[in-house]
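Chains A and B are the protein sequences, given in the same order.
If you count by this note's numbering, then the first sequence holds residues 133 to 230, one letter each, in order.
If you count by this note's numbering, then the second sequence holds residues 10 to 512, one letter each, in order.
What follows is one structure encoded as structure tokens, with my remarks underneath.
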Amino acid sequence: MPAISREDVAHLAQLAHLEMSDTELEKMTGELGVIVDAIKSVSEAAGNDVPATSHPLPLVNVMREDVVGQTLTQEEALQNAPDAEDGRFKVPAILEGE
Amino acid sequence: MAHATEELVDFDEALDRYDPALGFEVHVELNTATKMFSDAPNAFGDVPNTNVTPVDLGLPGVLPVVNKKAVEYSIKIGLALNCQIAEYCRFARKNYFYPDTPKNFQTSQYDEPIAFDGWLDIELSDGEVFHVEIERAHMEEDAGKLTHMGTSGRIQGADFSLVDYNRAGVPLVEIVTKPILGAGKRAPELAKAYVAAIREIVKNLDVSDAKMERGNVRCDANVSLMPKGTTTLGTRTETKNVNSLRAVEHAVRFEIERHAAVLDSGEKIVQETRHWHEDTRTTTSGRPKSDADDYRYFPEPDLVPIVTTKEWIEELRAQLPEPLAERRKRLQADWGYADAEFRDVVNAGFLDAIEETIAAGASPAVARKWWMGEISRLAKNADVEPLDLGVTPATIIELNSLIEAKKINDKIARQVLEYVVAGEGRPTEIVEKRSLAVVNDDSALGAAIDDAMAAMPDVVAKIKDGKVQAIGALIGPVMKATRGQADAGRVREIVLEKLGVEG
């Protein structure tokens with residue numbers, strides 16, 4: 133059984149807001165399958181007694197004091213906005229998600 | 010927008026047939042100086058998009074750093090909710106696309122919350138106590154503020170939206186309860202009391218401004234019903250946007266009535282979010298749970314784990330203020346109020362005010378009399394919160410000493426308070442300016458009493474016969490003659506003296 137199905141890829145594409153053609157879906161299913169297979173070898177090496185690594189460095193509690201620093205100006209903040217109005221980012225009406 | 014009218018079942022009837030289960034997710038905005046993962050100011054009401062750094066805007070290549078104070082505040086909340094504090098926990102990315110979240114993920118915590126397994130005892134207005142179990146309290150960040158522009162002003166039919174990211178990244182603690190069973194008909198009250206308790210706790214801890222009208226404390230209310238006699242939880246709905254205590258109560262009530270109607274008709278409850286509408290006090294269907302809720306959480310690689318030590322936790326525990334329940338017990342004992350009296354004071358929100366008034370020198374009885382009596386009455390008439398009338402402990406002390414010195418009587422004192430609230434100055438000034446001092450001058454009073462006795466010989470005869478209570482008939486005319494400034498006790502004494510009758 134392949135590690136990843138065409139439906140999985142279609143679902144992920146939807147979650148990622150990517151539009152993919154049938155050809156692309158087909159191609160990506162194959163390519164992702166190869167990647168997933170490659171990564172499988174890791175789980176063969178590490179047994180259940182080895183916790184999954186989320187952070188490779190042995191660091192904890194990297195924190196800062198609660199002191200205000202430098203902020204952007206409104207102009208700087210909006211500099212790369214595709215569109216802006218009244219000092220705010222202007223975005224298309226949100227139809228889904230509500 | 011036209012809402013389909015929902016079928017409802019009368020509340021009492023619904024609860025004759027069904028048992029409700031409640032669950033709450035309360036978001037608390039912390040009042041740290043800076044945001045959760047950036048050093049931008051955490052401030053309300055500033056010019057849009059000025060309290061932002063590249064981290065808050067999700068620009069490429071940025072590195073978030075955790076605010077230590079926000080972690081400590083979260084631990085304090087956990088301790089105040091009787092939670093266990095995690096020895097080790099991580100942040101996680103919750104992935105979704107929405108314009109108020111510029112990174113396209115919210116930094117949150119997933120299966121490793123900073124605090125878990127707590128509880129809270131919630132006391133209702135008549136003293137009944139419900140034990141609410143807290144599942145978890147986890148750290149996360151707030152989203153930006155969207156304003157929907159268009160003819161409707163609502164998201165439905167909006168032409169476009171404007172986004173202000175000042176709020177993006179403000180530290181949040183989300184407090185999640187376990188399902189709350191057994192509340193029955195008291196479910197709406199319990200809902201309100203629970204959110205009120207959380208608000209009070211975070212305010213008492215001074216970790217949040219706790220203003221619901223500003224969104225510092227926000228509640229999502231989960232409701233489900235199960236037929237009486239069964240034990241399997243029903244399908245729940247999650248009502249969002251219930252952001253006042255009153256709305257929490259109404260929303261739970263409405264959902265119970267709506268669920269009952271759906272279940273009565275043999276249909277199934279759809280698991281979905283519901284939107285609360287304050288204007289109509291109804292909920293409408295939001296979106297059903299779907300694939301879009303596949304958030305693909307994974308550990309946040311840019312933030313290293315948080316490890317707590319016993320020493321750190323104990324240091325924070327030592328900073329906690331006196332727990333509210335203990336404070337209440339102590340105050341009630343100190344003040345000597347009866348249970349019902351004390352509960353009324355708590356329900357009216359006067360604990361702090363009365364404590365300050367007593368600290369300023371008033372007796373517990375006097376403090377309670379003014380706050381529960383005249384101040385509440387004036388506030389009700391003016392349709393404002395009693396605490397917003399601007400009455401200070403000093404005003405109460407001054408009024409009371411004027412009464413005790415017999416300069417004014419209770420009735421005049423109430424008038425003086427009205428003038429104080431109207432901004433005419435301090436009580437002593439007002440009494441002088443308006444010549445309100447009680448007529449204690451026995452000659453002036455004596456003349457008024459002589460007039461009254463002359464006008465009512467039958468009353469005088471009764472008093473002489475020993476019917477002392479007949480004096481009451483004389484007090485009215487004397488008060489009238491002195492414009493209410495006579496001391497009724499003194500009038501009585503003088504009358505008895507004049508007639509040579511023993512009181």
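Ideal Cβ positions, reconstructed from N, Cα and C, are used throughout, including at glycine.
Legend entry - A:G229 to B:T239 span [Cα, whole Å]: Here the model assigns A:G229 a pLDDT of 44, short of 50, so the residue's position is not dependable, and the following value carries that caveat. A:G229 and B:T239 have their alpha carbons spaced roughly 34 Å apart.
Legend entry - Assigned secondary structure, B:Y97 (DSSP; H/G/I helix, E/B strand, else coil): strand
Inset, instruction - Would you list the one or two residues that DSSP bridges to B:C228? - result: B:V35 and B:V251
Inset, instruction - Report all residues from its chain with a CB closer than 8 Å to the CB of A:A213; omit the five preceding and five following residues, and keep chain order. - result: F221 and K222
Legend entry - Cβ-based neighbour list, A:I167, same chain, cut-off 7 Å, excluding 5 preceding and 5 following: Same-chain partners within the cutoff: there are none.
Inset, instruction - Return the chain-ordered list of same chain residues with a C-beta closer than 6 Å to the C-beta of B:F351, the five sequence neighbours on each side being excluded. - result: Q341
Legend entry - Span of the beta strand (DSSP E) around A:P224: R220 to P224
Inset, instruction - With B:I131 as the anchor, note down where its beta strand (DSSP E) starts and where it stops. - result: First-last of the beta strand (DSSP E) with B:I131: A124 to E132.
Legend entry - Spatially closest choice to B:C98 from B:E427, B:L312 and B:K389, by CA coordinates: B:L312
Legend entry - Cβ neighbour criterion (16 or more within 10 Å) applied to B:E5: Because chain B is modelled from 10 through 512, residue 5 of chain B falls outside the range shown and cannot be assessed.
Legend entry - Where B:G432 falls: helix, strand or coil (DSSP): coil
Inset, instruction - Please list, in chain order, all residues of the same chain as B:I412 whose beta carbon is under 6 Å from its beta carbon, the five residues on each side excluded. - result: A422
Legend entry - Which listed residue (B:V232, B:A95, B:V80 and B:A177) has its alpha carbon closest to that of B:K319: B:A95
Inset, instruction - Using alpha carbons as the reference points, say which of B:H147, B:E511 and B:G136 lies closest to B:M45. - result: B:H147
Legend entry - C-beta neighbour in chain A for B:L171, strict 9 Å: yes
Inset, instruction - Would you kindly report the start and end of the unbroken beta strand (DSSP E) that includes A:G162? - result: Run containing A:G162: none in the beta strand (DSSP E); it sits in the alpha helix (DSSP H), D154 to A177.
Legend entry - Below-9 Å beta-carbon distance, B:P310 vs any chain A residue: yes
Inset, instruction - Sort B:K277, B:Q280 and B:D353 by Cα distance to B:S134 and report the nearest one. - result: B:D353
Legend entry - Three-state secondary structure (DSSP) of A:E217: strand
Legend entry - Interface residues of the segment 173–206 of chain A facing chain B [CB-CB below 8 Å]: S186, H187, L189, L191, V192, N193, V194, M195, R196, E197, D198, V199, V200, G201, Q202, T203, L204, T205 and Q206
Inset, instruction - Examine the Cβ distances between the segment 191–210 of chain A and the segment 323–337 of chain B and report whether three or more of them are shorter than 8 Å. - result: No: fewer than three Cβ pairs fall under 8 Å.
Inset, instruction - May I ask you to report which of helix, strand or coil DSSP gives B:I278? - result: coil
Inset, instruction - State the DSSP-derived secondary structure class of B:Y306, mapped to helix, strand or coil. - result: Shown here, B:Y306 sits in coil according to DSSP, grouped into three states, outside any helix or strand.
Inset, instruction - For the segment 39–127 of chain B, list the alpha helix (DSSP H) runs that are entirely contained and at least 4 residues long, ordered along the chain. - result: Complete alpha helix (DSSP H) runs here, min 4: 77–89.
Inset, instruction - Establish whether the CB of A:G229 and some CB of chain B are separated by less than 9 Å. - result: Reliability fails at A:G229, whose pLDDT of 44 lies under 50, so the model's placement of it is uncertain and the value that follows must be treated cautiously. Chain B contact via Cβ: present.
Inset, instruction - Assign A:H149 to one of two classes, buried (16 or more other C-beta atoms within 10 Å of its C-beta) or exposed (fewer than that). - result: exposed
Inset, instruction - Have a look at B:N91 and B:G127 and give me their C-alpha separation to the nearest angstrom. - result: 5 Å
Inset, instruction - Using a Cβ cut-off of 7 Å, pull out every chain B residue sitting near A:G219, in sequence order please. - result: V56, P57 and N58
Inset, instruction - Starting from the Cα of B:E132, find the closest Cα among B:A200, B:E287, B:L454 and B:R176 and give me that residue. - result: B:A200
Legend entry - Within 9 Å, strictly: CB atoms of B:L398 and B:G358: No; because the gap between Cβ atoms is not below 9 Å, this pair is not in contact.
Inset, instruction - Please find out if some non-hydrogen atom of the ligand NAD comes closer than 8 Å to the beta-carbon of B:K420. - result: This structure does not include the ligand NAD; it has no bound ligands of any sort.
Legend entry - Distance between beta carbons of B:P50 and A:D200, contact taken as under 8 Å: The displayed chain sequence assigns Val, not Asp, to residue 200 of chain A. Right, their Cβ atoms sit about 5 Å apart.
Legend entry - Boundaries of the alpha helix (DSSP H) in which A:H143 is found, first to last residue: R138 to L147
Inset, instruction - Find the residues of chain A that neighbour B:N78, judging by a C-beta separation of less than 7 Å, and give them in chain order. - result: Reading the sequence as shown, one finds Lys at residue 78 of chain B and not Asn. In chain order: D198.
Inset, instruction - Kindly confirm or deny that the segment 480–494 of chain B and the segment 447–465 of chain B touch, where touching means at least three C-beta pairs closer than 8 Å. - result: yes
Legend entry - B:A369, DSSP secondary structure in three states: coil
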